[in-house]
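Protein chains in written order, with my numbering: chain B, 4 to 367; chain C, 4 to 367; chain E, 4 to 367; chain X, 4 to 367.
All C-beta atoms in this analysis are idealised placements derived from N, C-alpha and C, irrespective of residue type, glycine included.
4 protein chains.
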Amino acid sequence: MAGNSFGQLFRLTTAGESHGPGNVVIIDGVPPGLALSEQDLVGDLARRRPGQSKITTQRQEADHPEILSGVFEGETTGTSIAILIRNQDQRSRDYTEIKDKYRPGHADLTFDAKYGRRDYRGGGRSSARETSVRVAAGAVAKKMLRELHGIEVVGYVRQVGDLVAEVPDPAAIKLANVEANIVRCPDGAIADRMIELIETVRSERDSIGGVAELVATGVPAGWGEPVFDKLKADLGKALFSLPAVLGVEYGAGFRVAALRGSQNNDAFLPADDRTAHVHTASNRHGGMLGGISSGMPIILRCAVKPTSSLPQPHPTVTTAGEATTIATIGRHDPCLLPRFVPMGEAMIALVLADHCLRQRAQMG
Amino acid sequence: MAGNSFGQLFRLTTAGESHGPGNVVIIDGVPPGLALSEQDLVGDLARRRPGQSKITTQRQEADHPEILSGVFEGETTGTSIAILIRNQDQRSRDYTEIKDKYRPGHADLTFDAKYGRRDYRGGGRSSARETSVRVAAGAVAKKMLRELHGIEVVGYVRQVGDLVAEVPDPAAIKLANVEANIVRCPDGAIADRMIELIETVRSERDSIGGVAELVATGVPAGWGEPVFDKLKADLGKALFSLPAVLGVEYGAGFRVAALRGSQNNDAFLPADDRTAHVHTASNRHGGMLGGISSGMPIILRCAVKPTSSLPQPHPTVTTAGEATTIATIGRHDPCLLPRFVPMGEAMIALVLADHCLRQRAQMG
Amino acid sequence: MAGNSFGQLFRLTTAGESHGPGNVVIIDGVPPGLALSEQDLVGDLARRRPGQSKITTQRQEADHPEILSGVFEGETTGTSIAILIRNQDQRSRDYTEIKDKYRPGHADLTFDAKYGRRDYRGGGRSSARETSVRVAAGAVAKKMLRELHGIEVVGYVRQVGDLVAEVPDPAAIKLANVEANIVRCPDGAIADRMIELIETVRSERDSIGGVAELVATGVPAGWGEPVFDKLKADLGKALFSLPAVLGVEYGAGFRVAALRGSQNNDAFLPADDRTAHVHTASNRHGGMLGGISSGMPIILRCAVKPTSSLPQPHPTVTTAGEATTIATIGRHDPCLLPRFVPMGEAMIALVLADHCLRQRAQMG
Amino acid sequence: MAGNSFGQLFRLTTAGESHGPGNVVIIDGVPPGLALSEQDLVGDLARRRPGQSKITTQRQEADHPEILSGVFEGETTGTSIAILIRNQDQRSRDYTEIKDKYRPGHADLTFDAKYGRRDYRGGGRSSARETSVRVAAGAVAKKMLRELHGIEVVGYVRQVGDLVAEVPDPAAIKLANVEANIVRCPDGAIADRMIELIETVRSERDSIGGVAELVATGVPAGWGEPVFDKLKADLGKALFSLPAVLGVEYGAGFRVAALRGSQNNDAFLPADDRTAHVHTASNRHGGMLGGISSGMPIILRCAVKPTSSLPQPHPTVTTAGEATTIATIGRHDPCLLPRFVPMGEAMIALVLADHCLRQRAQMG
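Structural data, given as structure tokens:
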């Protein structure tokens, strides 16, 4: 258990590095009878892949997934599903800089401290390239959730730098709204300015942070476990397991610090014409109470730091501990947010798929 | 795996309800030879227990722990350690209100949705009473971390309502600074105003939220796993598993959204007179890079919502789905933050203890 | 994960020593709505407890279980169930012998090698006393299996020394047949001779081994996982986790070595008047094919070694490694088999309960 | 957790079917710095592969392993290691027989009962083809155990039909003795007769069972956990997880049933010229006491049933439940034992590697 598996019942295990032969995921626990082919995976993989637009890294990876097992005659069999994505654009280059220097903000120093060595080619296992197979597994989870419960998981960019999108009703955002522009922000006016900002930042050999908002609709009330495996706990772990995430908040989030209980509590309302079951008048709780889904949309936000790799020289140390400077010449995203959206969606779908199976394990 | 266990190698499993016979924890994986007695547990239990001051709930619980196993002649044996805390002040009362109505902000509705039933006495398993044994287990983890690595975990209240403490150097705060006042805020001037605010809120039959900041010092570089079990992921899960937490952030946290890479990166510096190893000039990364500890202090903040139980009437529904009102007459904390501090520390210590053992499992 | 938990979804975690305050088990994953009280546990505990007859150890333990959590108004709530059994007859005695000498056949040397220490009082954690809470948890599993699927798990003594019982139809043996005599052998004629043999062996300050046979009827076809968690693998682990078990075999067992495929294969037969589904003409496969239940009775046998503690002097070494002799004066079973039966049944029930939940997790 | 993972700290997860694209394993937890290449895997894979001799199945598979991750510059990095073995000889054939009929002794019926479907091509996931990647992972485990502790795991065929080998000192058997003949029996005289018997059985369109004996030498005293994860329990699970195993026994095994304690106990002896630590005069306990390694060789035996696929017609039912006959025309091993040996060794090595890491996790 060196941390390459995730989930209890819908469980994935991954391997692979940035510049090795490829990345692979084994998904264990998928119910039999789910229609599945590689075509179900390519959509989200294309949303995640490098080189997809002018505001992402220019590394080119087709990210073609090969399903190695667990599917027969177009449907899942119930046995483990392996998916392989081979690396292609492992550009031959000089790794001397990152071999002998610690890149600020990266895992170079911490990998050396942990293992006494590291695969320095493109960051090795610490590269975000490992998220490709998470996204593939997430596509399987999304499909299962949609077919079994009509659940949809949609994310979008809420903030880049100081630019904050207006999103009056997060639960109303559809995939088409998100994909309407390359920055994946459903507020078109702000999206244009975000794109402009990202291009400016790139031209200044810098990077910029942001916030993604993610929403799951259709989750039945009752999912999640009451103590350690609260839905908010498992979701929190899932999102913090993604690179560059420094904050996660649900519903009203950090704003609750300044609220009184009388302001923060969401009143329960009886079933009515619009909602067939008891629901809340507002959703400051973010869709979970006591860590268990309430039937309201699950809403959360992730703070994503600016890309650490910078083409401008800045101070650091060599692996021998001597002061030096580094400028990471390479192919990097000036802003991680547009490609973060499908990664965040995948992690949420994986957690929900897991709790879907956990719920029926105990409750039948 | 219905979510009553936490950790991989330093692993606790808990049981118990608010108004049942008591709460129990079994801790598995503690190394042999650690001096341990019930005296090691009572300190943090006293910091967590209800009735400890005028600004907490007035339920009285001595929270006396009984070690049932795993300790012989004053030292741990390496076998599982069970700790039992019996409930005492199970005040005989009328539960009709919470039996037949869903308390806003609580897990009443979600438990019923999940299990089709619930132990409604004081919230049953959803009560924060279950955290008593987490704090007991956390005290064992703290002791192990201190003895093996000199690690200290200290938390304090950073914000209550709009009152925000000044804490120039979070890593310099000691337990004595925290315990200097009943609100557990090391900024004495703000602490007085926080206490005043909490008393005001209580007198207005309301409650108030806040932010706790938690710091771990002495953690060696190299702890945490590179993909799913990043230290920030496991810590995030740990803290979100506590009741009422709606947000978690590390280091610069949500502020990174508006920062550029050149502003956010923490430059590495060579070892110097003050620090014997490579370190960073600043700590916006919060002590972890790539999810692995960097050797810098681990710093995080939790947003804690205002207590949901309010003595003032507010709208809700009955378990039959009819509109009604509820006013929770009982013993409740007007602000959860002072008692949250030892809970948060315990969860951090448990995660670090787990990764301490995981590190030596793989790296020897 | 120092090995004090068992099962994936129906999961127990235990703690306790022979001469400490008591033993405790936490059971996680039990579905809500199962009627449960301490009365459901006392039957099997009485079958396991020491001092139950003239052919068992004379240590007296009432083994009264206290349910600490997870049951409300007479039914399980779905949250974790803790059961505490306090030790009573911790006879004040001189432990010098086993403190300073390694008892042959016991875990004294291996505990010291593992932990560098041990709780030598009555064997500490290595004592079979820890099985008391396994039997309590097994009683919960049995009840769940009976109510959900009509499954029964019955064990009995098949062999003691050279005495082998005739059991024409293992699946026809009922609890009443087993409990008809104190040695728990359904073949009455052999049972009398077994009792006589055990008394002879005791009078000669010796002990004797044997074989228990265990049968589960009513298990639906389809339980068990196809690769590592085959039902036969999980049952094998369960039974080998009990003290003194040196062999486990299913169906034809070791006899298959000398069989040809044409002799060993169990032919499938269509559903008929007696059996509503496809079944096999014979049951050499022991109820599992490919590690998955076939719908036929699950039949297995365990070889249990003679008690290692002997009142006659025999050679060993001191903890300092010097040659010496030891004679364990104390209260020991001259034959472990009669008390082994409920332990074996419990472990089988726990495995089946786990796979019951696993099956519905994936297959709904 | 649908049973496609094995181990706690040295943990493998597998996927793949008999006639799909291939089989893959991800190994998690391997320490960094172990020299590893595909050359380390091919030896045991060749011992396991079909078509290796005249007494095995004639399916031809080169079983070339591709290491996809976790190795850099010839050494393990500490991150997860993925190994892919593509299928080659997926002979185009008519699967009608096994598609529409249940093969006796196989998992066809139980897979259908479990999943409501199955990949019938060559048995799909239930085929022993999945053991190829277990053997590859086992080779990694063997290498780690050898380098860290000098441990060797060697297995051989002890019995085929009524032919039982003489093996005076199991712990003295080396790999070269085993590989001296194609049946993998170190008793050369009996080996010749075994080969003859297997050829006779094949010519009679039948199959034959047997017993493998497996020995691990060099295991330090103190490995294994005291309660559920006894070394004998985890080894038992490992071996029963292999296809066709119907019995497992340690040391004296089922013979203990007829022994008295005074006959069965292995006396402890002081360290002497030949053995530097306390050891036992005999090894009826099979190298584990209380489930923890004693420092003596670990010795166990597995009963392996005769191959269920038979080229002679025998009665069965169709998937619709009608009586019919089946004769499995195909490529099958007339005796599973020669190819079982490396599988059994692999599983033992995997368990020992896991407990090696578990021991240092808790004990440092």
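So what's residue i in DSSP terms, helix, strand or just coil?
i: Tyr123 of chain E; result: coil
i: Leu242 of chain X; result: helix
i: Glu76 of chain X; result: coil
i: Ile154 of chain E; result: coil
i: Asn68 of chain C; result: As written in the sequence, residue 68 of chain C is Pro, which differs from the Asn given in the question. Correct three-state label for Pro68 of chain C: strand.
i: Ala38 of chain C; result: strand
i: Ala131 of chain C; result: helix
i: Ile58 of chain B; result: coil
i: Asp269 of chain B; result: coil
i: Leu12 of chain X; result: coil
i: Asp31 of chain C; result: strand
Can you name the residues of chain E whose CB is closer than 8 Å to the CB of residue i?
i: Val27 of chain C; result: Val27, Ile29, Leu71, Ser72, Ala85, Leu87
Using a Cβ-Cβ cut-off of 6 Å (strictly less than) and excluding sequence neighbours within five positions of residue i, which residues of its own chain qualify?
i: Ala110 of chain E; result: Ser129
i: Asp122 of chain C; result: Glu20
i: Ser83 of chain E; result: Ile29, Asp31, Gly73
i: Pro345 of chain X; result: Asp47, Arg50, Arg51, Val138
i: Ala255 of chain C; result: Arg287
i: Gln55 of chain C; result: none
Got a sec? Which residues, its chain only, sit under 8 Å from residue i by beta carbon, not counting five neighbours each side?
i: Pro189 of chain E; result: Tyr159, Ala168, Val170, Ile176, Asn180, Val181, Ala183
i: Arg106 of chain C; result: Ser311, Ser312, Thr319, Ile329, Thr331
i: Leu292 of chain E; result: none
i: Arg149 of chain C; result: Glu155
Identify the contact partners of residue i in chain C, using a Cβ-Cβ distance below 7 Å as the criterion.
i: Met366 of chain X; result: Pro34
In chain X, what lies closer than 7 Å to residue i by C-beta?
i: Glu360 of chain C; result: For clarity, residue 360 of chain C is Leu in the given sequence; the question names Glu instead. In chain order: Ala364, Gln365.
i: Pro229 of chain C; result: Thr82
i: Lys233 of chain E; result: Phe243, Ser244
Listing by chain order, which chain X residues have their CB less than 9 Å from the CB of residue i?
i: Ala5 of chain B; result: Leu12, Arg14, Asp31, Gly32, Val33, Gly81, Thr82, Ser83
i: Tyr98 of chain E; result: Within chain X, no residue comes near Tyr98 of chain E; the closest Cβ sits about 17 Å away, beyond 9 Å.
Between residue i and the rest of its own chain, which residues show a CB-CB distance below 7 Å, the 5 nearest in sequence each way excluded?
i: Ala247 of chain X; result: Val307, Lys308, Leu339
i: Gly127 of chain E; result: Glu20, Ser21, Arg121
i: Gly225 of chain E; result: Ile295, Ser296, Gln362
Using 10 angstroms around the beta-carbon of residue i, count the other beta-carbons present and answer buried if the total reaches 16, otherwise exposed.
i: Thr60 of chain E; result: buried
i: Thr368 of chain E; result: Nothing about residue 368 of chain E can be reported from this structure: the residues present for chain E run from 4 to 367 only.
i: Ala284 of chain C; result: exposed
i: Asp172 of chain B; result: exposed
i: Gly264 of chain X; result: buried
i: Gly141 of chain E; result: buried
i: His358 of chain C; result: buried
Which bits of chain B does residue i rub up against, with CB to CB less than 8 Å?
i: Thr327 of chain X; result: Simply none; closest approach about 23 Å.
What in chain B is Cβ-close to residue i, meaning under 9 Å?
i: Phe75 of chain X; result: Glu20, Gly23, Arg120, Arg121, Asp122, Tyr123, Arg124, Gly127
Identify the contact partners of residue i in chain B, using a Cβ-Cβ distance below 7 Å as the criterion.
i: Ala255 of chain C; result: Leu249
i: Arg263 of chain C; result: Val204, Asp209, Ser210, Ile211, Pro309
Which residues in chain C have a C-beta closer than 8 Å to the C-beta of residue i? List them in chain order.
i: Ser2 of chain E; result: No answer is possible for residue 2 of chain E: the residues shown for chain E start at 4 and end at 367.
Identify every run of the alpha helix (DSSP H) within the segment 171–250 of chain E, keeping only runs that are complete inside it and at least 4 residues long; order them along the chain. 178–181, 191–206, 234–243
What are the complete beta strand (DSSP E) segments, minimum 3 residues, inside the segment 276–361 of chain X? 301–307, 317–320, 326–329
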